[in-house]
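Student: Please find one structure pasted underneath; my questions will follow.
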Amino acid sequence: MALLLALVILSIYLFRSPTPQQESSGLGRSTSAYITVAAFLLGALCSGIAGYVGMWVSVRANVRVSSAARRSAREALQIAVRAGGFSALVVVGMAVIGIAILYSTFYVWLRVDSPGSMKVIDLPLLLVGYGFGASFVALFAQLGGGIFTKAADVGADLVGKVEQGIPEDDPRNPAVIADLVGDNVGDCAARGADLFESIAAEIISAMILGGTMAKQCKIEDPSGFILFPLVVHSFDLVISSVGILSIRGTRNSGSKSPIEDPMAILQKGYNLTIVLSVLTFGLSTRWLLYTERAPSAWFNFALCGLVGIITAYVFVCITKYYTDYKHEPVRTLALASSTGHGTNIIAGVSLGLESTALPVLVISLSIISAFWLGQTSGLLDEAGNPTGGLFGTAVATMGMLSTAAYILTMDMFGPIADNAGGIVEMSQQPESVREITDVLDAVGNTTKATTKGFAIGSAALASFLLFSAYMDEVAAFAQEPFKQVDIAIPEVFVGGLLGSMLIFLFSAWACSAVGRTAQEVVNEVRRQFIERPGIMDYKEKPDYGRCVAIVASASLREMIKPGALAIVSPIVVGLSFRILGYYTGHPLLGAKVVAAMLMFATVSGILMALFLNTAGGAWDNAKKYIETGALGGKGSECHKAAVTGDTVGDPFKDTAGPSLHVLIKMLATITLVMAPIFL
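For what it's worth, numbering that gives the first Met the number 0 labels the leading residue of the sequence shown as 0, then goes sequentially.
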């Protein structure tokens, strides 16, 4: 599919007119087309490798964690964190290295800044294909992985827990292997591709805005503003490694030593990473963003970075509050389960809706603060107008993602701990060992929810930057200003409505894909229990492979429709209104309608993703809270109601919600790449 889309991009760029900057530098249509396609394919390849490495490490760390849990909770935690850390460092490293290779290759090949050649300030525009390639693979990895893991999970829970009354991860459940495989596919591979795409999109958009601002302000050496994002994420690799290595284990007996709170240990590592991030960010801004035209501008941009770092920290705290069972929201949700399945669903939906308020306020405050700090940095364009606002927002996004490797480590920790618990259950280890893996699993649920909150926050800021970059690119191709989108124009308003509709339709199709696949799994598991009654007495072995085959084939089949919707919609809308604009005398109508579609889809997508992620995480941890012995414990009517809520929340938090992070960034990158055909 990536190759097919690459051919489409090649055709579009071969037949569209180059920008004035490209014409002046001698960059023809064919060269521009091949560069964009090469960047797209490299982005897709790097995104795929990042996801594969996450899954490869996870399946090898699971057994080691389950073995370590027999000796010490802290040792099991250390192994899970360091395994997740390795995957996270590879993901961030791949994003940085891929863009650095492209930038260096194009710089040398095109003889940038030589007489008659391209200027360095225009070079980042050639990298947009890389972000689109990363988005393309991430969307299908998240969709396919989410459908796979949650269909298996829902099928295993409904028949195993609710109907047969057997524990989670019990080897008698025919869907248990598919469930455990799905944790690696959906949480490790998909989330790795998701954050890879976030980082790639943020780096490219920040480089574009840095180059644009340097051009407007006539900065003597623009390279610092363009390369700043790469340096920040290079430091991220170092400081996150320090945070990961600060988590050390012991080999004391797990049964004799008390179980420490793993969340507190992870939080200490995160706090250390945050402190180091503030220091390295300040050094980077002074080193790369100092300019004699505005000697104090670097300090304003350092404060923008601090805004982003604080935003990330607050997002982590908000998500933890709404999804950790130590706090009131999840305990209230668990209590609602005691009065039945319906009240559990009502309480979960209301919790998810409420949880959108604080993150939106935080995002709004951070965007306005960073824009104001950038605007007052002292950088002025040729007309004497302040011009650092958008770049200030870009720097804030860099600040938010400056600890991305540690955040991704906490996310990768979740499925590793979950799988370790499954191995302990299936190998019939002592209860004390299962208690340790249960604690790690519950913390893993919280860290996974935390990462999703972090991902949607970074997606919101990155999409804002990409939207600005899209408007700049349209202005360059149209050779006229494109500074605002007027939603009072009926066609533009319709574009906005279509953008919001896209979010809801995409979410519906993603959830229904899980539902249909789960029905196949439920029917298969029921069939095996009926036809093989000896399974319950361990006299017959379930056919695990059949369930794995069902979810694998169904996930590949079901992800096509929502994935195609996401890719085709902005192109069809843009082309349709371009034709309408041609006949009505409004040449920029297609670009304006797509801009409105992108704007409304981003806003709706942020709110929907926050609702889906938090509600799903809260339902899951309400079930975990009851399984600790509260409100009747495992097997009680309260527990059965909580399992129903968890089942509803599964496609919310692991399929539709995370896919929306990718969708809103992919809409931004696809419009950026396809901008020429809207004019």
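In this text, a Cβ means the ideal position worked out from N, Cα and C, and glycines have one as well. Computed from a predicted structure; not experimentally measured.
Label A356 either buried or exposed according to how many other C-beta atoms from any shown protein chain fall within 10 Å of its C-beta, with 16 as the threshold for buried.
Tutor: Counting from 1 along the sequence shown, the entry for residue 356 is found at position 357. With fewer than 16 other Cβ atoms within 10 Å, it is exposed.
Student: What span of residues does the alpha helix (DSSP H) with L275 cover, start to end?
Tutor: By one-based count along the sequence shown, residue 275 stands at place 276. Its alpha helix (DSSP H) spans residues P261 to L287.
Student: Could you pull out every residue in the same chain whose Cβ sits closer than 7 Å to the Cβ of A151, ignoring the five residues on either side in sequence?
Tutor: The sequence position of residue 151 within the sequence shown is 152, counting from 1. Contacts found: A174, A177, D178, G181, V520, C546 and V550.
Student: Would V432 pass as a contact of V423 if the rule is Cβ separation under 8 Å?
Tutor: To locate residue 432, count along the sequence shown from 1; it is residue 433. To locate residue 423, count along the sequence shown from 1; it is residue 424. In this structure, V423 lies closer than 8 Å to V432 by Cβ.
Student: For P385, list the residues DSSP reports as bridge partners.
Tutor: In the sequence shown, residue 385 corresponds to position 386, counting from 1. In the DSSP output, where bridge partners are listed per residue, P385 has L379.
Student: Runs of 4 residues minimum, wholly inside the region 430–484: which ones carry the alpha helix (DSSP H) assignment?
Tutor: 430–477
Student: Give me the residue from A38, L9 and G223 with the minimum Cα distance to S134.
Tutor: Here residue 134 refers to the residue found at position 135 when the sequence shown is read from its first residue. Minimum Cα distance to S134 is reached at A38.
Student: Could you tell me whether the Cβ atoms of V647 and I344 are closer together than 8 Å?
Tutor: Residue numbering aside, residue 647 sits at position 648 when the sequence shown is read from its first letter. Residue numbering aside, residue 344 sits at position 345 when the sequence shown is read from its first letter. Against a cut-off of 8 Å, the Cβ pair of I344 and V647 comes out as a contact.
Student: Whole angstroms is fine: what's the gap from A404's alpha carbon to P586's?
Tutor: As a working mapping, residue 404 is identified with position 405 in the sequence shown. As a working mapping, residue 586 is identified with position 587 in the sequence shown. Approximately 44 Å between the Cα atoms of the pair.
Student: Do L229 and I98 have their beta-carbon atoms positioned less than 8 Å apart in this structure?
Tutor: In the sequence shown, counting from the first residue as 1, residue 98 sits at position 99. In the sequence shown, counting from the first residue as 1, residue 229 sits at position 230. In this structure, L229 lies closer than 8 Å to I98 by Cβ.
Student: Here's a check: name, in chain order, each residue in its chain whose Cβ is nearer than 6 Å to the Cβ of S254, leaving out the five neighbours to either side.
Tutor: Locating residue 254 in the sequence shown gives position 255, where the first residue counts as 1. Since pLDDT at S254 reaches only 45, below the 50 mark, its modelled position is unreliable, and no value is offered.
Student: Give every residue of the same chain whose Cβ lies closer than 6 Å to the Cβ of S239, excluding the five residues on either side of it in the sequence, and list them in chain order.
Tutor: The residue given as residue 239 occupies position 240 in the sequence shown. Answer for S239: T272, A404 and Y405, listed in chain order.
Student: Please return the same chain residues whose Cβ sits closer than 7 Å to the Cβ of D289, not counting the five positions on each side in sequence.
Tutor: If you number the sequence shown from 1, residue 289 lands on position 290. According to the sequence as given, residue 289 is Tyr; it is not Asp. Closer than 7 Å at the Cβ level, and outside the excluded window around Y289, lie W297.
Student: How would you call V274, buried or exposed, if buried means at least 16 neighbouring beta carbons within 10 angstroms?
Tutor: For the purposes of this step, residue 274 is identified with residue 275 of the sequence shown, where counting begins at 1. Exposed is the call here.
Student: CA-CA distance, R69 and L389?
Tutor: In the sequence shown, counting from the first residue as 1, residue 69 sits at position 70. In the sequence shown, counting from the first residue as 1, residue 389 sits at position 390. Near 52 Å, if we compare the C-alpha coordinates of L389 and R69.
Student: Just to confirm, are F599 and G456 a CB contact at a threshold of 8 Å?
Tutor: For the purposes of this step, residue 599 is identified with residue 600 of the sequence shown, where counting begins at 1. For the purposes of this step, residue 456 is identified with residue 457 of the sequence shown, where counting begins at 1. Taking 8 Å as the Cβ cut-off, F599 and G456 do not qualify as a contacting pair.
Student: Quick check: the Cα distance between A346 and E523, rounded to an integer number of angstroms?
Tutor: What you label residue 346 is simply residue 347 of the sequence shown in a count that begins at 1. What you label residue 523 is simply residue 524 of the sequence shown in a count that begins at 1. Cα-Cα distance, rounded: 32 Å.
Student: Please look up how many angstroms separate the CB atoms of Y321 and R330, rounded, as I've assumed it's under 8 Å.
Tutor: Residue 321 sits at position 322 when you count from the first residue of the sequence shown. Residue 330 sits at position 331 when you count from the first residue of the sequence shown. 12 Å between Cβ atoms; not a contact.
Student: Mapping DSSP to helix, strand and coil, what is A487?
Tutor: Within the sequence shown, residue 487 is the residue found at index 488, counting from 1. Coil at A487, not helix or strand.
Student: Is Y102 buried or exposed, if buried means 16 or more other CB atoms sit within 10 Å of its CB?
Tutor: Reading the sequence shown from its first residue, position 103 is the one you call residue 102. Its Cβ being crowded by 16 or more others within 10 Å, Y102 is buried.
Student: Please classify V705 as buried or exposed, where buried requires at least 16 neighbouring CB atoms within 10 angstroms.
Tutor: The shown model of the chain, from 0 to 678, leaves out residue 705, and the question about it has no answer.
Student: How would you label G634, buried or exposed, when you count the other beta carbons within 10 angstroms and need 16 or more for buried?
Tutor: Along the sequence shown, one-based indexing puts residue 634 at 635. Answer is exposed; the Cβ neighbour count stays below 16.
Student: Rounded to whole angstroms, what is the Cα-Cα separation between L350 and A509?
Tutor: Numbered from 1 along the sequence shown, position 351 holds the residue referred to as residue 350. Numbered from 1 along the sequence shown, position 510 holds the residue referred to as residue 509. When rounded, the distance between both Cα atoms is 22 Å.
Student: Hey, how far is the Cα of S252 from the Cα of T279?
Tutor: As a first step, residue 252 is located in the sequence shown; it is residue number 253 there, counting from the start. As a first step, residue 279 is located in the sequence shown; it is residue number 280 there, counting from the start. With a pLDDT of 46 at S252, under the threshold of 50, the modelled position of this residue cannot be trusted, and the question is left open.
Student: Given T516, which residues of its chain have a CB within under 7 Å of its CB, disregarding the five upstream and five downstream residues?
Tutor: Taking the first residue of the sequence shown as position 1, residue 516 is located at position 517. Only I146, A150, V550, A553, S554 and E557 meet the Cβ criterion.
Student: Give me the Cβ distance between L122 and F105, rounded to the nearest whole Å; I'm assuming they're in contact under 8 Å.
Tutor: As a first step, residue 122 must be located in the sequence shown, where it is residue number 123. As a first step, residue 105 must be located in the sequence shown, where it is residue number 106. That pair is a contact at about 6 Å.
Student: Can you grab the Cα-Cα spacing for the pair G144 / G544, in whole Å?
Tutor: As a working mapping, residue 144 is identified with position 145 in the sequence shown. As a working mapping, residue 544 is identified with position 545 in the sequence shown. Going from the Cα of G144 to the Cα of G544 covers about 18 Å.
Student: Assuming contact is defined by CB atoms lying nearer than 8 Å, are G132 and S46 in contact in what I supplied?
Tutor: Start at 1 with the first residue of the sequence shown, and residue 132 comes out as number 133. Start at 1 with the first residue of the sequence shown, and residue 46 comes out as number 47. Yes; because the gap between Cβ atoms is below 8 Å, this pair is in contact.
Student: Output the boundary residues of the alpha helix (DSSP H) element that contains P166.
Tutor: Indexing the sequence shown from 1 puts residue 166 at position 167. In this chain, P166 is not harboured by any alpha helix (DSSP H), its DSSP state being neither H nor E.
Student: What's the gap between the Cα of Q215 and the Cα of L379?
Tutor: On the sequence shown, residue 215 is found 216 positions in, with the first residue counted as 1. On the sequence shown, residue 379 is found 380 positions in, with the first residue counted as 1. Those two C-alpha atoms are separated by around 8 Å.
Student: Determine the DSSP secondary structure at T290, reduced to helix, strand or coil.
Tutor: Taking the sequence shown and counting its residues from 1, one reaches residue 290 at position 291. Strand at T290.
Student: Go through its chain and collect everything with a Cβ distance to I486's Cβ below 8 Å, but skip five positions before and after it.
Tutor: Your numbering for residue 486 matches position 487 in the sequence shown. Excluding sequence neighbours, I486 sits near F492, G495 and A595.
Student: Just to confirm my understanding: we take S233, look at its own chain, exclude 5 residues before and 5 after, and list those with CB closer than 8 Å. What are they?
Tutor: Stepping through the sequence shown from its first residue, residue 233 is reached at position 234. Excluding its 5 nearest sequence neighbours in each direction, S233 has C-beta neighbours in its own chain below 8 Å: V95, listed in chain order.
Student: Count the C-beta pairs between the region 412–429 and the region 205–225 that are closer than 8 Å, then say yes if the count reaches three, no if not.
Tutor: no
Student: Going by beta carbon distance, what residues of the same chain come within less than 7 Å of A461, once the five residues before and after it are set aside?
Tutor: Residue mapping note: residue 461 aligns to position 462 of the sequence shown, counting from 1. The residues are S197, A200, E201, S204, T396 and K664.
Student: Short of 7 Å in beta carbon distance, which residues of its chain neighbour A5, apart from the five on each side in sequence? Order them along the chain.
Tutor: As a working mapping, residue 5 is identified with position 6 in the sequence shown. Excluding positions up to five away in sequence, the list reads V36, F39 and L40.
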